[in-house]
Structures are given as structure tokens and as C-alpha cells.
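Numbering of the sequence shown is given in my numbering, commencing with residue 13 and proceeding in unit increments. Working notes, structure below.
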Amino acid sequence: MGNFITAVRPVSLFPGGDWLVYECQFDIHYFSDTLYSQWGIVCPPSVQQSVRSRRAEFLAGRYACQLALEALGLERWSVGIGPHRAPQWPPGVVGSISHDSSSALACVGFKREGVIGVGIDREPLIESDVAPRIASSIAKPDELERLDYRQWPFNKALTLIFSAKESFFKAAYPSVGRYLDFDAVRFAGFQKRGDLGECLALVLPQALASSLPSGSTHCGYFYRVRNCFTTGVLLLSDS
Ligand SMILES: CC(C)(COP(=O)(O)OP(=O)(O)OC[C@H]1O[C@@H](n2cnc3c(N)ncnc32)[C@H](O)[C@@H]1OP(=O)(O)O)[C@@H](O)C(=O)NCCC(=O)NCCS
13 MGNFITAVRP
23 VSLFPGGDWL
33 VYECQFDIHY
43 FSDTLYSQWG
53 IVCPPSVQQS
63 VRSRRAEFLA
73 GRYACQLALE
83 ALGLERWSVG
93 IGPHRAPQWP
103 PGVVGSISHD
113 SSSALACVGF
123 KREGVIGVGI
133 DREPLIESDV
143 APRIASSIAK
153 PDELERLDYR
163 QWPFNKALTL
173 IFSAKESFFK
183 AAYPSVGRYL
193 DFDAVRFAGF
203 QKRGDLGECL
213 ALVLPQALAS
223 SLPSGSTHCG
233 YFYRVRNCFT
243 TGVLLLSDS
């Protein structure tokens with residue numbers, strides 16, 4: 013690993029054992045392009061031409077993919093880039109990737125009946141002075157009002173909903189095949205998960221695909237560590 017990847021850990025984001033999520037911390041100071049060939053990770057031309065920070069986050073994301081795919085029993089698969097930047101998984105696998113300036117996450121699982129897609133996202137907290145200015149492009153007032161502002165100051169509430177919608181987009185993209193506006197899915201409140209806490213209920217106001225009909229409700233799982241929210245959305249056809 014050298015000094016670039018500083019820590020690795022499996023993360024428990026989704027219920028049940030079907031979904032493997034790995035998180036890598038990385039230190040950009042130790043990034044080198046030679047790590048791509050050392051780790052058998054293909055650097056696509058669009059990334060080769062990008063700035064150092066993008067080459068580093070892409071590498072860390074693909075390293076997390078390798079760990080997750082190996083845990084699934086698939087060795088040395090280099091996850092490519094498809095249309096609209098969507099990651100290209102091995103046949104029979106669904107997954108998702110997210111990164112920020114010092115960490116990367118990958119989630120994978122086998123495609124099985126009833127699974128439409130999976131998406132994960134990590135988002136640093138939106139600053140409290142920025143949140144009111146961008147809120148209307150992310151959520152309607154009624155969505156934000158469903159969060160209790162004593163527990164969820166406005167910027168935290170907005171970050172959580174933003175991240176959950178990005179996760180939703182990544183999970184839905186393989187079925188929808190286009191970019192979505194932020195009102196394509198609505199935050200409808202929390203759902204209790206027994207002893208496991210709560211998840212966000214995400215509702216579709218309009219159909220997005222035959223597998224994603226109007227009114228279907230999907231769960232957004234989440235946790236917060238320091239200044240970042242991590243969210244995950246698992247799209248199931250019986251929702
Ligand atoms: C694509 C997008 C979700 C990425 O989110 P981000 O916070 O900027 O970045 P993250 O690090 O969390 O995620 C980046 C990863 O998302 C994945 N991703 C990008 N486009 C994707 C797509 N069309 N489908 C699925 N996954 C995609 C990629 O794996 C990418 O990493 P990589 O380029 O290193 O492979 C965001 O830039 C975007 O375009 N959003 C607009 C659409 C949207 O979210 N609408 C919400 C309405 S529901």
C-alpha cells in the first residue's frame with residue numbers, strides 16, 4: 013500500500029450481509045501515478061489528463077473497489093468508466109463509489125432478483141452560511157421541515173438530504189440512463205428500523221423507469237463521522 017493508503021476498513025452501511033462496503037483513507041502527498049500499474053488499476057485517458065487530486069481520488073476509489081470485489085471473490089477487476097461517468101462493474105455485480113479529498117468508499121454486491129441498484133455517497137457538511145443560499149436547488153421547504161432542527165441544524169439537514177439524493181441518483185442511473193433533477197426524489201420523513209435506528213424514506217413523485225414507479229418508497233441509510241455524512245440507497249423492486 014505504501015504510504016498513500018493510510019487506513020482501510022469494512023463499513024456496515026446496509027442491513028444484512030449482502031452488501032460489502034470498504035472505506036480507504038488516503039494521503040494525497042504520497043500519491044504517485046506508478047501506483048496504478050503496481051496495483052493493476054487501469055487509469056482511463058480522461059483521468060490521466062486530469063489534475064493530481066482527481067488522479068489520486070480515482071485511484072483510492074478503485075483501490076476500495078478492488079478490496080470490495082476481492083471480498084466478493086472477484087480478483088483483480090479494474091472498474092472502468094461508462095456513459096455519464098457511471099462505473100462499469102463485472103457482469104453480475106452492482107456497486108457504487110464515492111470519494112472526498114482524503115477518503116474513498118466502494119460498495120458491491122451480487123445482482124439478484126429484486127435488486128434494482130445501489131448507490132453510496134459521502135458529503136462534507138455544507139457550511140452554515142452556504143446552506144440557505146443553495147437549499148432551494150436541493151430540497152423543497154416541506155422536505156427540510158420534516159427534519160427536527162433541534163437535532164438537525166439546517167446545514168446538517170440539507171447535507172443529509174443532498175447526500176441521500178446523490179446516492180439515489182447513483183443507484184437509479186443504470187435503470188434511468190440520464191441525469192436527474194433534485195426534485196426527481198423527495199425526502200418524506202424517517203422510517204423506524206426496529207433496534208437498528210432509522211432510515212430516510214425517499215419517495216418518487218413520478219415514475220423514473222418501469223422498475224421505479226411513481227409513489228415507490230426507498231430507504232436511505234446513513235451515518236455521520238466528524239464533518240461528513242455517508243449515505244447509501246438500496247433500490248429494491250418491492251418498495
Ligand atoms: C455524479 C454525481 C452524483 C457524483 O457525486 P459527487 O458527490 O460529485 O462525487 P462522489 O465522489 O460522491 O461520486 C463520484 C463517483 O460517482 C460515480 N458516478 C458518477 N456518475 C455516475 C452515474 N451516472 N451513475 C452512477 N454512478 C456514477 C462514479 O463512480 C464517480 O467516481 P469516479 O468518477 O471516480 O468513478 C454528481 O456529480 C452529479 O452529477 N449529480 C447530479 C445528479 C444528481 O445527483 N441528481 C440528484 C437527483 S436524485
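Note that CB positions come from ideal geometry on N, CA and C, so glycine has one too.
Q | Beta-ladder partner(s) of residue 132, from DSSP | A | 244
Q: Tell me whether the beta-carbon of residue 68 lies closer than 8 angstroms to the beta-carbon of residue 38.
A: yes
**Q.** Cβ shell of residue 213 (< 6 angstroms), same chain only, five flanking positions each side left out
**A.** 200, 201, 203 and 229
**Q.** Cβ contact (3+ pairs, closer than 8 angstroms) linking the segment 125-134 and the segment 94-114
**A.** yes
Q | Three-state class that DSSP yields for residue 235 in the structure shown | A | strand
(Q) residue 42 and residue 15 - do their beta-carbons sit closer together than 8 angstroms? (A) Yes, they are a contact pair.
Q | Nearest to residue 247 (by Cα), restricted to the options 135, 46, 233 and 110 | A | Selected option, being the one with the closest Cα: 233.
Q) Between residue 133 and residue 148, is the Cβ-Cβ spacing less than 8 angstroms? A) no
Q.
Buried or exposed for residue 238, going by 16 or more other Cβ atoms inside 10 Å?
A. exposed
Q: Indicate whether the contact test is met: 3 or more Cβ pairs, each with one atom in the segment 78-96 and one in the segment 213-222, closer than 8 angstroms.
A: A contact between stretches requires three or more CB pairs, one per stretch, nearer than 8 angstroms, and the segment 78-96 fails this requirement with the segment 213-222.
Q) What span of residues does the beta strand (DSSP E) with residue 22 cover, start to end? A) 17-23
Q.
Just to confirm the assignment, what range does the alpha helix (DSSP H) spanning residue 150 have?
A. 143-150
Q) By how many angstroms is the C-alpha of residue 46 removed from the C-alpha of residue 192? A) 36 angstroms
**Q.** Reference residue 117; option with closest CA among 154, 138, 82 and 73
**A.** 73
Q: Note down the Cα distance separating residue 189 from residue 145, rounded to an integer number of angstroms.
A: Linking residue 189 to residue 145 through their CA atoms gives a straight-line distance of about 30 angstroms.
Q. What three-state label does DSSP hand residue 212 in the structure shown?
A. strand
(Q) If you measure between the beta carbons of residue 179 and residue 120, is that distance less than 8 angstroms? (A) no
Q: Answer yes or no: the CB of residue 204 versus the heavy atoms of ligand 1, is any distance below 7 angstroms?
A: no
Q: Taking the CB atoms as reference points, tell me whether residue 36 and residue 53 lie closer together than 8 angstroms.
A: no
Q: For the beta strand (DSSP E) holding residue 198, just list the boundary residues, first then last.
A: Note, residue 198: beta strand (DSSP E), 198-204.
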